[in-house]
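Protein chains in written order, with the working numbering: chain A, 6 to 558; chain B, 8 to 317. Just so you know, even glycine gets a beta-carbon here, dropped at the ideal spot from N, CA and C. This one's a predicted model, so the numbers in the text were calculated from it and none came from an experiment. What follows is a single structure, written as C-alpha cells, with notes after it.
Right under this line is the structure:
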C-alpha cells in the first residue's frame, strides 16, 4: 500500500509539497468521496466526525449569538418570544447531543484509542462507521425539525409541556435525540471491547495513558445511561402521539417521573462530556511538563469513581420540583461526594507541574484554561448542591453560568486543547503557535466575560429562558453579550490558522512535542494500518526523560 | 450593578451562607490558581532551576487534599440542610393562600376569598403558607427577595411558606420554562405592614371566603346527594374527615390531607374508602383546579355536619 501511495504522490513543482509520511498516510489512502464515506478506518471516521460536529457547533453557536443579541436590551427586539424559545431549544439540543457528547470521544477517542494502545483499529470498524451514519441521521432529523419551524420545549423536554402543550416539531426533535443515542451506545460498546481486547503486548492497565482510562469510564456511562434516555423519549412520543398516559397527570401520569428518568441520563451525560476532557488534560499536562503524572492510580480510579457516583446524583436537579425533602438531602450529600474525585484530578495535575519542564505552548494554555474554568464550574456546582442555596438559584442564570463553565469552559476548551495537541499527528503539519496562544487567550477572557456576569445575574434572581427581563439586569447582560463576541472571535481564529496549516504548515515529523505515547512513535499523519509491526510496550506512560528511541522523532 | 434585596430573615441567612461558601471557594480555587501560575513560571522550559527529586506520588498528600476540603464542605452541607428542612415545615398558624398557575398567569386567593392575578400581597411578620397547583404544565413560583422558589405541578399540591419582614414591592417570577410567554409570567410580590394589608384586603372584592365558595360549589354539583350525613350512606361522610386517617379498600391507610381530598375529587376511584363501592364519577374536566381548591377549603372546615355550613 505504501508503494502505491508514493507513486501517486504529486511532484513538488505542480502542487504543494507532500511528505513521504503524508503520501503513505491514511489521508492519501483513496481520495474519492466514496473512499471517505465507506471507510472503516478509525482515523478517517474521526475526521468525518470532526467535520460534522464542527458544522453542528456552527449552527448551535449561531443560535447562541442570536440569544445574546436579543438580551442586549430588556425588551424583545430581535426575536419574538417563540423565536427566542426556539433558539435556546435548538442551541441546547444541538450543543448537547450533536456537539458535546460526540466531541472528544468520537473525534479524538476514535482517532487515538487504537494508536495509544497499539491496535490497528477499533474492535468493530464497521460498527464504528454505522455509528457515524446513525449520528448523521439523528442530525438530519434535528435540522429538519429546525427547517420545518423549530421546537420550543427547551432541551430538557419537560412533560406535560412537551407531551401535550408545546407546538412545533417536538416528535421530530425527540426522534432525532433518540436516534443519536444509538450512535452513542454503539461507540461505547466499541470502546469497551477495544480497550479490553486489543491492547498491544505489554500494554497493561497500569500502562494505559489516562486518556484511555477516561474514555473507558465514559464508554461505561454511554452504554448504561443512554438506553434510559432512549426509553424515556419513546414514552414522551407515545404520550404525545397516542395519548398514552405516562407523564401527564390529566391522563393519569406523573410529570416528576419524567424528570427522574431524564436526569438519570442527563446528569451522567455531563460526565460523558467532562471525563474525556479530563483525559485530554492529563495528556496535555504531562506532555507540556515532560513529567510523569503525579498520582497515576488516583487519577485513573477517580474516573471510575466519577462514572459510578455520577449515576447517583440526578436528584440534585429536582430540589424544588416537589421531590421528597429526605431524598433531596441524600442527593445533596452524594453530589458533594462526587466532587471529591474531580478535585483529586485537579490537585494531581497541579502537583504534576511541580518541578516539571513546562512548555508554555498553545495546547498547554488550553489545558490551563480548562483547569481554571472547570474549577470555577465545579465549585459553583458545590454551591448548587447545597440545598438552601439551590432553592434560590435553581433555574436562574447562576445555573446557566455554572454548567457553561463545565461544558464550554471545561469540555470545549479541552476539545480545542486536544485539537492543538494532536493536530500535527492527525494532519502532519504544524500550525502557527502564536495564533494558537492568541486564540487561547481570547477564549479564556471572552468566556469569563460572557459567563461570570451570569453568576451575578442569577444570584440577583434573573430566571433562565427569559427573552425579556427587568431593566436592572441590563448592565450585566450587556457585559455578557460583549464577552460572547470575544468568545466568538476566539472560536473562529483556529478555523483559519488550522486550515491554513494544512497546506502551508511546516511538516510535523513523528513526534513534534518530544513526548511519550505510542501514537507519537508512528509517522504523522499515521499510515492506514497504524503500526508497521505490532508494538511491544515495556514502559509505563509518561516516562520522562524519553528513554526509548522509538518515542523520539 | 449588584442588587440584592432581602425581604426575610431566611433571605439574609441564605446570603450569609453563600458569602461564607464563596470565601471557601476563593481559598480552594485561589490556591490552585496561584500554584499553577507559580509552577508555570518557575518551571517553564529552558529555565535553569533544580528539578531533582520530583515526587510522583504521595498517598498522604492525596488523602489530605481529598478529605480536608470535603470536611469543610460537609459543615456547609449540614447548615444548608437544616435551613432546607425549616423552609419545608410551615408553622401551624401560617396564613393560608392558595395559588393556581396556568399558562401564563398566577392566581392568588386569600382565605377571605379575595383573589388577585400576578400580584401577591401579604402582611409582614406573619407566616404565610402558599398551597399551589397548576392547571396545565409545570410552573415554578420564584420570589428572589425571599430566596425561595417552588415548582408548581399539575395534579399535585406543593407548598411554600415564609415570613417576610421588610415591607416593599419585589419581583415575582415563573422559574420553570412553561411555553411561549414564560418570560412574562410574573408580577409583584408586595409585603405590607399588617395595618396596610388589612386595609388593602378590605378594599378587595370578595364573593365570600374560599370555603363559602366551596360550599356553593358543593351544592351546585350535588355532592350532598351522596355525602350528606342525612343521605343514605352511599359515600363517606365529610365532617371531621380533614387530617383524619382513612382506610382504603386495598387495605392501605392514608391521611386525608389536601392532596388526598384533591385526588378523591378528580380521580375518585384511585383511592376508594374501605366499605364503599367505587361509584363516584370523576370530576376531572368538569371542574378546574381553582374549583377543586375551593371544595377542599370547604371540606377542611367541615368539623360537624355539612348542613350547618350552608
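Buried/exposed call for residue i, threshold 16 Cβ in 10 Å
i	result
residue 241(B)	exposed
residue 315(B)	For residue 315(B), the predicted model reports a pLDDT of 41, less than 50, meaning its position is unreliable and no value from the coordinates is stated.
residue 201(A)	exposed
residue 39(A)	exposed
residue 296(B)	buried
residue 539(A)	exposed
residue 28(B)	buried
residue 291(A)	buried
Alpha carbon of residue i to alpha carbon of residue j, nearest angstrom
i	j	result
residue 446(A)	residue 145(B)	42 Å
residue 557(A)	residue 456(A)	Its pLDDT being 37, under 50, residue 557(A) is placed unreliably by the model, and nothing is read from it.
residue 307(B)	residue 197(B)	28 Å
residue 42(B)	residue 278(A)	26 Å
residue 228(A)	residue 231(B)	57 Å
residue 203(B)	residue 84(A)	42 Å
residue 156(A)	residue 229(B)	44 Å
residue 42(A)	residue 138(A)	9 Å
residue 88(A)	residue 238(A)	24 Å
residue 215(B)	residue 115(B)	15 Å
residue 341(A)	residue 324(A)	14 Å
residue 271(A)	residue 430(A)	33 Å
residue 91(A)	residue 371(A)	32 Å
residue 506(A)	residue 103(A)	26 Å
residue 61(A)	residue 95(B)	44 Å
residue 398(A)	residue 330(A)	17 Å
residue 144(A)	residue 23(B)	46 Å
residue 265(A)	residue 161(A)	12 Å
Residue i, DSSP secondary structure in three states
i	result
residue 442(A)	helix
residue 243(B)	coil
residue 16(B)	helix
residue 274(B)	coil
residue 51(B)	strand
residue 197(A)	helix
residue 7(A)	Note that residue 7(A) scores a pLDDT of 38, beneath 50, so its modelled location is shaky; the value from the coordinates is reported in the next line. It is helical.
residue 103(B)	strand
residue 401(A)	strand
residue 326(A)	coil
residue 16(A)	Model confidence at residue 16(A) stands at a pLDDT of 40, short of 50, so the residue's coordinates are unreliable; what they give is reported in the following sentence. Coil, per DSSP.
residue 315(B)	Confidence is the limiting factor: at residue 315(B) the pLDDT is only 41, short of 50, which leaves the residue's position unreliable and the question unanswerable from this model.
residue 294(B)	strand
residue 251(A)	coil
residue 119(A)	helix
residue 556(A)	In this prediction, residue 556(A) has a pLDDT of 43, which is less than 50 and means its spatial position is unreliable; what the coordinates show is noted afterwards. If DSSP states are grouped into helix, strand and coil, residue 556(A) belongs with the helices.
residue 337(A)	helix
residue 213(B)	coil
Bridge partner(s) assigned by DSSP for residue i
i	result
residue 113(B)	108(B)
residue 180(B)	149(B)
residue 168(B)	136(B)
residue 196(B)	127(B), 177(B)
residue 95(B)	Paired residues: none, contrary to the question.
residue 434(A)	512(A)
residue 534(A)	Residue 534(A) pairs with nothing; no bridge assigned.
residue 363(A)	51(B)
residue 173(A)	156(A)
Bounding residues of the alpha helix (DSSP H) (the contiguous stretch that carries residue i)
i	result
residue 130(A)	130-152
residue 311(A)	301-314
residue 272(A)	260-294
residue 280(B)	First-last for residue 280(B): undefined, no H or E at that position.
residue 87(A)	86-98
residue 383(A)	367-390
residue 75(A)	47-75
residue 27(A)	25-28
residue 5(B)	Here chain B covers residues 8 to 317 and nothing more, so residue 5(B) does not appear.
For residue i, the first and last residue of its enclosing beta strand (DSSP E)
i	result
residue 130(B)	126-130
residue 156(B)	155-159
residue 254(B)	252-254
residue 351(A)	Per DSSP, residue 351(A) belongs to no beta strand (DSSP E); it is in the alpha helix (DSSP H), 344-358.
residue 262(B)	260-262
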